[in-house]
Amino acid sequence: MEALRREQETRRSADASIAAAPASAASIDQQQQQQQKGALRTFLIGLGSGAVAGTVVDLVIYPIDTVKTRLQSGTLVKGGLMRGVWTGLLPAMLASAPSAGAFFSSYDWFRGTVAPALPTAIRPFGNGLAAVCGNLAQSLVRTPFEAVKQRLQAGVDPTIAACVSSLVKTKGVTGLWTGLGALILRDLPFDAIQYPIYEAFKKGLARAQGKDTLDNWQTFACGSMAGGITAAVTTPLDVVKTRLMTAAPGQYSGFLNCVASVTAEEGLAVLFQGVVPRVVMISIGGAVFFGAYETTKKLLDKQFPPANSKAQAASRVVSPEESMAQLDKYRTTALVLPDSSEARLVFDDSKGKDRQGAEREGGRERETRGWLG
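Mapping of the sequence shown onto the UniProt record's numbering: position 320 corresponds to residue 320, and the numbering continues sequentially without gaps.
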């Protein structure tokens, strides 16, 4: 008899496992679908937030950027530094949304998806690596617009058409990406320094105040400080990038040749030409950029919440007495019960039966099925 009873229990256990397998597979598929939707949502919100932030900041700082470019390029503009400071605005505006969107969508994707899976030893560098990933995507999109913009700002070419024609005539279509290497060499260190500083400032300030999120003005301040510090350190790289983009065809053979030529002719101090307007520009731009980015991201997060947040909002904590008293009112709801003696009840729409309850006993959860009396 004992052997027969054990055999029956074994069969029941096997039958239960077989019956549970499809449900488990369906649950795994559902989780994978939710993860994919979550990754897509993160990408699109980063894309939209970055695009808005990039456009706003370019409008605010463009005149300062023009002055900085003219100082760094070493060219004389008829009428002085302040004449026509909005020259080249159109290509800058056309580049703002796609380049900033490319950066932040890649940055958020890496930080949210790849960084958590990194080995423990390099996980602290996750934000810096995310910034590198974002920068590579941004640079590919931005370089043609940046080259045209800076040639207009420095007075090298009079119109957008003339800029494009000049670049394509000398090097073909790839001429539009003149200065790509210099742009990456400038922006990789910049972003790898700036974004970890920005995240550290935010976390430190939030921790000091004992709260999870910062006010907008605090976000602006963190972005401004991070941007200003990084701008000063990376000014020599920016000078070389500007010289390469505004140079006459064949003037420099590459990044190192440009560094050697300008320092030999004008001294080492030339590498910090335009440092003041650059720091001012990026300090203001950092505050505006990060502020606009975080504000837009919060709005989009609120407007398009994750799918599982809706399910969580539909759940509420109640006692068994309340659940029974309000059975007729809440025919279709998930009641999450906190105590070990309470049960998770899911009511049928028409008959009021408990389709899939669970009650905790001795710290373990066992499944129960049955009719409510």
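From the three backbone atoms N, C-alpha and C, an ideal C-beta is built for every residue, glycine too. Quick caveat, the model's predicted, so the values are computed rather than measured.
### Query
What are the uninterrupted segments assigned as beta strand (DSSP E) that are 3 or more residues long and contained completely in the segment 72-128, given in chain order?
none
### Message
Taking the straight line between their C-alpha atoms, what separation do you get for GLY46 and ARG123?
### Response
For the pair GLY46 and ARG123, the Cα-to-Cα distance works out to about 21 Å.
### Query
Nearest to ALA287 by alpha carbon, out of GLN251, ARG186, ASP215, VAL276?
ASP215
### Task
Take ALA183 as the anchor and find which of GLN218, PRO144, ALA162, ASP157 has the nearest alpha-carbon.
Note that residue 183 corresponds to Leu in the displayed sequence, not to Ala. The candidate whose alpha carbon is nearest that of LEU183 is PRO144.
### Query
Straight-line CA distance for TYR252 to GLN30?
57 Å
### Message
Tell me the rounded alpha-carbon separation between THR170 and ALA162.
### Response
12 Å
### Bounding residues of the alpha helix (DSSP H) (the contiguous stretch that carries LEU185)
Bounds of the alpha helix (DSSP H) holding LEU185 are 180-209.
### Task
Pull up the distance between the alpha-carbon of LEU40 and that of LEU152, whole angstroms please.
38 Å
#### Entry: Local conformation of LEU136 per DSSP, three classes
helix
### Task
Identify the continuous alpha helix (DSSP H) that holds PRO236 and give its terminal residues.
PRO236 -> alpha helix (DSSP H) spans 235-246.
### Query
Should ILE28 go down as buried or exposed, given a rule of 16 or more other Cβ atoms within 10 Å for buried?
exposed
#### Entry: Own chain, CB closer than 7 Å to MET225, minus 5 neighbours either side, in chain order
PHE201
### THR159 - DSSP class collapsed to helix/strand/coil
Coil at THR159, not helix or strand.
### Query
Under the three-state reduction of DSSP, which class applies to GLY254: helix, strand or coil?
Coil.
### Query
Within this structure, are the beta carbons of LEU94 and GLY274 separated by less than 8 Å?
no
### Query
In the structure shown, what three-state DSSP assignment does LEU59 receive?
helix
### Query
Just how far apart, CA to CA, sit GLY134 and ALA102?
7 Å
### Message
Please classify PRO277 as buried or exposed, where buried requires at least 16 neighbouring CB atoms within 10 angstroms.
### Response
Within 10 angstroms of the beta-carbon of PRO277 lie 16 or more other beta-carbons, which makes it buried.
### Task
Please determine if the segment 186-197 and the segment 226-238 are in contact, where contact requires at least 3 C-beta pairs separated by less than 8 Å.
yes
### Query
Is it buried or exposed for ALA311, if we count other Cβ within 10 angstroms and need 16 for buried?
Confidence is the limiting factor: at ALA311 the pLDDT is only 49, short of 50, which leaves the residue's position unreliable, though a coordinate-based value still follows. Exposed is the call here.
### Query
Does the segment 97-117 come within contact of the segment 60-68, defined as at least 3 CB pairs closer than 8 Å?
no
#### Entry: Span of the alpha helix (DSSP H) around PRO277
275-303
### Task
Drop a sphere of 10 angstroms on the beta-carbon of TRP86, count the other beta-carbons inside from all chains shown, and report buried for 16 or more, exposed for fewer.
exposed
### Query
Using DSSP with H/G/I as helix, E/B as strand and the rest coil, what is GLY38?
helix
#### Entry: Neighbour-count burial assignment, ASN257, 16 or more Cβ in a 10 Å radius
exposed
### Query
If you check the beta carbons only, do GLY291 and THR219 fall under 8 Å apart?
yes
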